[in-house]
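Asker:
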Amino acid sequence: MTPIHNRFTPLQRALHWLMAICILAMLFIGVGMVSTVRPDYLTLVSIHKPLGVIILVLALIRLVVRLTRGAPPLPASMPEPMKLAARLSHLAFYLLMIGLPLIGWGMLSAADYPVVVLGIHLPAILPHSNALHTLLWNAHRVLALCFFALILLHLAAALLHALVRRDGVFEAMAPWRSSVKTDASGDR
Amino acid sequence: MVDRPTSNTSTVRSLLLIAVVVLVLVAAFAFTAGWLSPARLTPTKIVNALAPPGGPALGFRRNHAKGVCFTGNFESNGAAVALSKAPVFASGSYPVTGRFNLATADPKAPDATVRVRGLSLRIVAADGSEWRTAMINAPFFAVATPQAFYGLLQASANTSDPDAMKNFAAAHPELGHFAAWAGSAPWTASYAQEQYNGLNSFIFTNAAGQDEAVRWSFVPAAKPEAVPADQLKARAADFLAADITQRVQAAPQQWTLVLTVANPGDPTADPTKAWPDDRRKVEAGTLVVSAIEPEDDGPCRDINFDPTVLPPGMHVSDDPFPAARSAAYAVSFDRRTAEDKDYPRHPAGGATQ
Chain B
16 MTPIHNRFTP LQRALHWLMA ICILAMLFIG VGMVSTVRPD YLTLVSIHKP
66 LGVIILVLAL IRLVVRLTRG APPLPASMPE PMKLAARLSH LAFYLLMIGL
116 PLIGWGMLSA ADYPVVVLGI HLPAILPHSN ALHTLLWNAH RVLALCFFAL
166 ILLHLAAALL HALVRRDGVF EAMAPWRSSV KTDASGDR
Chain R
3 MVDRPTSNTS TVRSLLLIAV VVLVLVAAFA FTAGWLSPAR LTPTKIVNAL
53 APPGGPALGF RRNHAKGVCF TGNFESNGAA VALSKAPVFA SGSYPVTGRF
103 NLATADPKAP DATVRVRGLS LRIVAADGSE WRTAMINAPF FAVATPQAFY
153 GLLQASANTS DPDAMKNFAA AHPELGHFAA WAGSAPWTAS YAQEQYNGLN
203 SFIFTNAAGQ DEAVRWSFVP AAKPEAVPAD QLKARAADFL AADITQRVQA
253 APQQWTLVLT VANPGDPTAD PTKAWPDDRR KVEAGTLVVS AIEPEDDGPC
303 RDINFDPTVL PPGMHVSDDP FPAARSAAYA VSFDRRTAED KDYPRHPAGG
353 ATQ
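Line by line, the protein sequences are chains B and R. Each residue of the first sequence is one higher than the last, beginning at 16 in the working numbering. Each residue of the second sequence is one higher than the last, beginning at 3 in the working numbering.
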């Protein structure tokens, strides 16, 4: 039985905001690097790869923390479809945070590029294959755009909770201590 | 149920604020992706501009489309260790996958019609570190910047303005220098007689941490024999592949890797500017080409010879081309590898040329 709190634990909140910065930066770097031939291209690629590895590691840590520490219950005032959407979006976030870096690594492996991250030569995780490369390249691109759309939805929903519904959902993940009285006990 | 009732106006204000935040993020993302900047030179534009009027040859490289694979070794003599700590420069023999090629977007172009010939290499050291390079037989490049290269492609494809090329050449005098080379340099009848030049400058770092700007060339052991261009036109369309196959079957073909070290002040950012002949040269080893294979099922086919795949001890300089080439090669690679069905493989023995 996971204990019930009104807010995510400090570790969970720290991971959330750190990863929010990393992932947003990652998506902007990704679309920026593929649209330029300037020397920035190489700089951006050299940030994109290690940042992907960092996000993968943080996501795996975060998954373990989530499974062991759980999440605060959603407010009883939230309609069921909204709760379902919230839970599905969290699932999608975990799949993308873990899946996108692995797809990127697999894509480079399938293209037979050496995967060198911060001077460390990582092993290929897939064999050299045009078919695999094409599949993963398309997936990396489409899923990254979906990730950005999901973040926009997540941000809009978070602000809706904070500014309109004021039901404590935003405060559960807010980095600061909030004066808003929360209404997060779903068993009330 | 909302636990703290809010007025309708403040709700509307909040919703507007949310919409603004989302729109600002979308706009920033679109700007970063270049969707709002049609003038930005993207790798996609360069690759599109390389396509002939009839469209690209699907499944093939978008430039240097015609070529033949080889395997061999780089026999390093250890002399370049003083310049770079790259593992491939330590004394020893390192496997090479490579490709002789012609600078054309048409994989069926007759060999005698293509002025510029190329050599691409992937050299792998024992620790798995790789050095990839793609060179040409011209002694300097045609234009000074990637932007000018794109301008050249556009001008040469411009059929509506008969003065497009003339105007471009007037604005880019270095192109005349290149045209003079193309018009006067002797042709040879063999890939084995060509000298291949890296043209771009790279920074080499040795074990002591000292940096030097370096360019490199692969100088053939075979003596170049000039053959009039008209005579080459009478030969078979694929005479170069036939010639190199025959030569390598008879004996391995060799090139010496010559590294040229810049003097302080030599131009490193502009590959149209060759360095003076008296610059320090280091012979780093010998490329030995020991087997030729047709490209369609050969080991070079699905390799991107990205010139920024470099081992430790080598990195890009202020020359803007390697980055631009890396970006454009990636687009070409992503496209052609998705078009496997348009360029069928003929497993060993079934190859027809």
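Backbone N, C-alpha and C define an ideal beta-carbon position, used for all residues, glycine too.
Where do the N-terminal and C-terminal ends of the alpha helix (DSSP H) with Q251 of chain R fall, by residue?
Answerer: Your numbering for residue 251 of chain R matches position 249 in the second sequence. Residues F241 to A252.
Asker: Going by beta-carbon coordinates alone, are F206 of chain R and G287 of chain R separated by less than 8 Å?
Answerer: The sequence position of residue 206 of chain R within the second sequence is 204, counting from 1. The sequence position of residue 287 of chain R within the second sequence is 285, counting from 1. It is not a contact, given that the beta carbons lie outside the stated cut-off.
Asker: Does the CB of E285 of chain R have a neighbour CB from chain B at under 8 Å?
Answerer: Counting from one through the second sequence, the residue named residue 285 of chain R turns up at place 283. It does not; no Cβ of chain B falls within 8 Å.
Asker: Could you name the residues of chain B that T73 of chain R contacts, counting a contact when the two beta carbons are closer than 9 Å?
Answerer: For the purposes of this step, residue 73 of chain R is taken as the residue at position 71 of the second sequence. Near T73 of chain R there are no residues of chain B at all, since even the closest Cβ is about 15 Å away, more than 9 Å.
Asker: Quick one, are the C-beta atoms of V263 of chain R and V284 of chain R less than 8 Å apart?
Answerer: Residue numbering aside, residue 263 of chain R sits at position 261 when the second sequence is read from its first letter. Residue numbering aside, residue 284 of chain R sits at position 282 when the second sequence is read from its first letter. Cβ distance < 8 Å, so V263 of chain R and V284 of chain R count as in contact.
Asker: Secondary structure at C161 of chain B, three-state DSSP: helix, strand or coil?
Answerer: Within the first sequence, the letter at position 146 stands for residue 161 of chain B. Helix, per DSSP.
Asker: DSSP state of P313 of chain R, grouped into three classes?
Answerer: Residue numbering aside, residue 313 of chain R sits at position 311 when the second sequence is read from its first letter. Coil, per DSSP.
Asker: Using CA atoms only, rank isn't needed, just tell me which of R:Y193, R:A276, R:F151 and R:A210 is closest to W183 of chain R.
Answerer: Locating residue 183 of chain R in the second sequence gives position 181, where the first residue counts as 1. Out of R:Y193, R:A276, R:F151 and R:A210, R:A276 has the C-alpha closest to the C-alpha of W183 of chain R.
Asker: Buried or exposed for I140 of chain B, going by 16 or more other Cβ atoms inside 10 Å?
Answerer: Within the first sequence, residue 140 of chain B is the residue found at index 125, counting from 1. Classification of I140 of chain B: exposed, given that the 10 Å Cβ count is below 16.
Asker: Which runs of the alpha helix (DSSP H) fall wholly inside the segment 141-198 of chain R and span at least 4 residues, in chain order?
Answerer: Entirely contained in the segment 141-198 of chain R, the alpha helix (DSSP H) runs reaching 4 residues are, in chain order, 148-159, 166-173 and 176-186.
Asker: My output table needs one value for D213 of chain R: the three-state DSSP class, helix, strand or coil.
Answerer: Along the second sequence, read from residue 1 onward, the residue named residue 213 of chain R stands at position 211. Reduced to three states, the DSSP call for D213 of chain R is strand.
Asker: With 16 other CB atoms within 10 Å as the buried threshold, where does N145 of chain B fall?
Answerer: By 1-based counting over the first sequence, the position of residue 145 of chain B is 130. Buried: at least 16 other Cβ atoms inside 10 Å.
Asker: Count Cβ pairs between the segment 45-53 of chain B and the segment 92-112 of chain B that sit closer than 8 Å; are there 3 or more?
Answerer: Not touching, per the Cβ criterion.
Asker: In chain order, what residues of the same chain lie with their CB nearer than 6 Å to the CB of Q195 of chain R, ignoring the 5 residues before and after it?
Answerer: The residue labelled residue 195 of chain R in the question sits at position 193 within the second sequence. Only P222, A224 and P226 meet the Cβ criterion.
Asker: Can you list, in chain order, the residues of its chain with a C-beta nearer than 6 Å to that of S203 of chain R? Leave out the 5 residues immediately preceding and following it.
Answerer: To locate residue 203 of chain R, count along the second sequence from 1; it is residue 201. The answer, listed in chain order, is A215, R217, T270, S319 and D321.
Asker: In the DSSP output, what is K283 of chain R paired with across the bridge?
Answerer: One-based indexing of the second sequence puts residue 283 of chain R at position 281. K283 of chain R is bridged to R:T262.
Asker: DSSP on V132 of chain B, reduced to helix/strand/coil?
Answerer: Numbered from its first residue, the first sequence carries residue 132 of chain B at position 117. V132 of chain B: strand per DSSP, three-state reduction.
Asker: List the residues of chain B whose Cβ lies closer than 9 Å to the Cβ of D336 of chain R, in chain order.
Answerer: To locate residue 336 of chain R, count along the second sequence from 1; it is residue 334. By Cβ distance, chain B contributes A126, H148, T149 and W152.
Asker: In chain R, which residues lie with their C-beta within 7 Å of the C-beta of G121 of chain B?
Answerer: For the purposes of this step, residue 121 of chain B is identified with residue 106 of the first sequence, where counting begins at 1. Here the premise fails: no neighbours, minimum Cβ distance about 14 Å.
Asker: What residues in the segment 105-138 of chain R have a beta carbon less than 7 Å from any beta carbon of chain B?
Answerer: Going along the segment 105-138 of chain R in chain order, one finds G130, S131 and E132 with a Cβ nearer than 7 Å to chain B.
Asker: Just the Cα atoms here: how many angstroms apart are V26 of chain R and I294 of chain R?
Answerer: Here residue 26 of chain R is taken as the residue at index 24 of the second sequence, counted from 1. Here residue 294 of chain R is taken as the residue at index 292 of the second sequence, counted from 1. Between V26 of chain R and I294 of chain R, the C-alpha separation is close to 56 Å.
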